[in-house]
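K.L.:
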Amino acid sequence: MTVHYLLNCYNNQILVKQEQVNGEADAFHVNIQSNNNPLSFGNTLYTASSKEQAVRIADQLCEFYSLARTNGYRLEGTIFRSENKPDIAVEYVLNVERTADELHKLLQGA
Numbered sequence: 136m137t138v139h140y141l142l143n144c145y146n147n148q149i150l151v152k153q154e155q156v157n158g159e160a161d162a163f164h165v166n167i168q169s170n171n172n173p174l175s176f177g178n179t180l181y182t183a184s185s186k187e188q189a190v191r192i193a194d195q196l197c198e199f200y201s202l203a204r205t206n207g208y209r210l211e212g213t214i215f216r217s218e219n220k221p222d223i224a225v226e227y228v229l230n231v232e233r234t235a236d237e238l239h240k241l242l243q244g245a
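Residue numbers for the sequence shown follow the numbering used here, beginning at 136 and rising by one.
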């Protein structure tokens, strides 16, 4: 396994990693892991076909995670949850590359 990108985001790290499968390079995985468990490689939240796309998605994840935290959301597995607000699936946030304004609107529309 090779880590291509690492980003500190609150008390978590977001990383882009690539594993070898049968000697062949696999897709690029965007994972989030808690700083409290540094030996883990966290949960895979997105899989990209290129390193560049995975890095953009990792940055987008951190940006949305930061916005979500300031709006009362927490990440539980693959869902952003908040009291008295609708859940937001990580997949929905990351399946399209979005601007900061679009990410903010996702929270306002929830």
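Glycine residues also receive a C-beta, built at the ideal position from the N, C-alpha and C atoms.
Going by beta carbon distance, what residues of the same chain come within less than 6 Å of Phe-163, once the five residues before and after it are set aside?
P.N.:
So the list reads Val-151, Gln-153, Ala-183, Lys-186 and Ala-189, once near-sequence residues are dropped.
K.L.:
Beta carbon of Gly-212, beta carbon of Asn-178: below 9 Å?
P.N.:
Against a cut-off of 9 Å, the Cβ pair of Asn-178 and Gly-212 comes out as a contact.
K.L.:
With distances taken from CA atoms, which of Asn-146, Cys-144, Asn-143 and Glu-159 is nearest Thr-137?
P.N.:
Selected option, being the one with the closest Cα: Glu-159.
K.L.:
Just to confirm my understanding: we take Val-165, look at its own chain, exclude 5 residues before and 5 after, and list those with CB closer than 8 Å. What are they?
P.N.:
Closer than 8 Å at the Cβ level, and outside the excluded window around Val-165, lie Ile-149, Leu-150, Val-151, Thr-179, Leu-180, Tyr-181, Thr-182, Ala-183, Ala-189, Ile-192, Ala-193, Leu-196 and Leu-229.
K.L.:
Quick one: residues in its chain with C-beta nearer than 6 Å to the C-beta of Asn-147, no 5 flanking neighbours on either side, listed in chain order?
P.N.:
Ile-167 and Ser-169.
K.L.:
Taking only the alpha-carbon atoms, compute the straight-line gap between Phe-216 and Glu-237 and give it to the nearest angstrom.
P.N.:
In the sequence under discussion, the amino acid at residue 216 is Arg, which differs from the Phe named in the question. Cα to Cα, Arg-216 sits roughly 19 Å from Glu-237.
K.L.:
Could you check the C-alpha separation between Asn-219 and Asn-206 for me, to the nearest Å?
P.N.:
Roughly 12 Å between the two C-alpha positions.
K.L.:
Could you please give the first and the last residue of the uninterrupted alpha helix (DSSP H) stretch that includes Ser-201?
P.N.:
Segment 186-205, the alpha helix (DSSP H) holding Ser-201.
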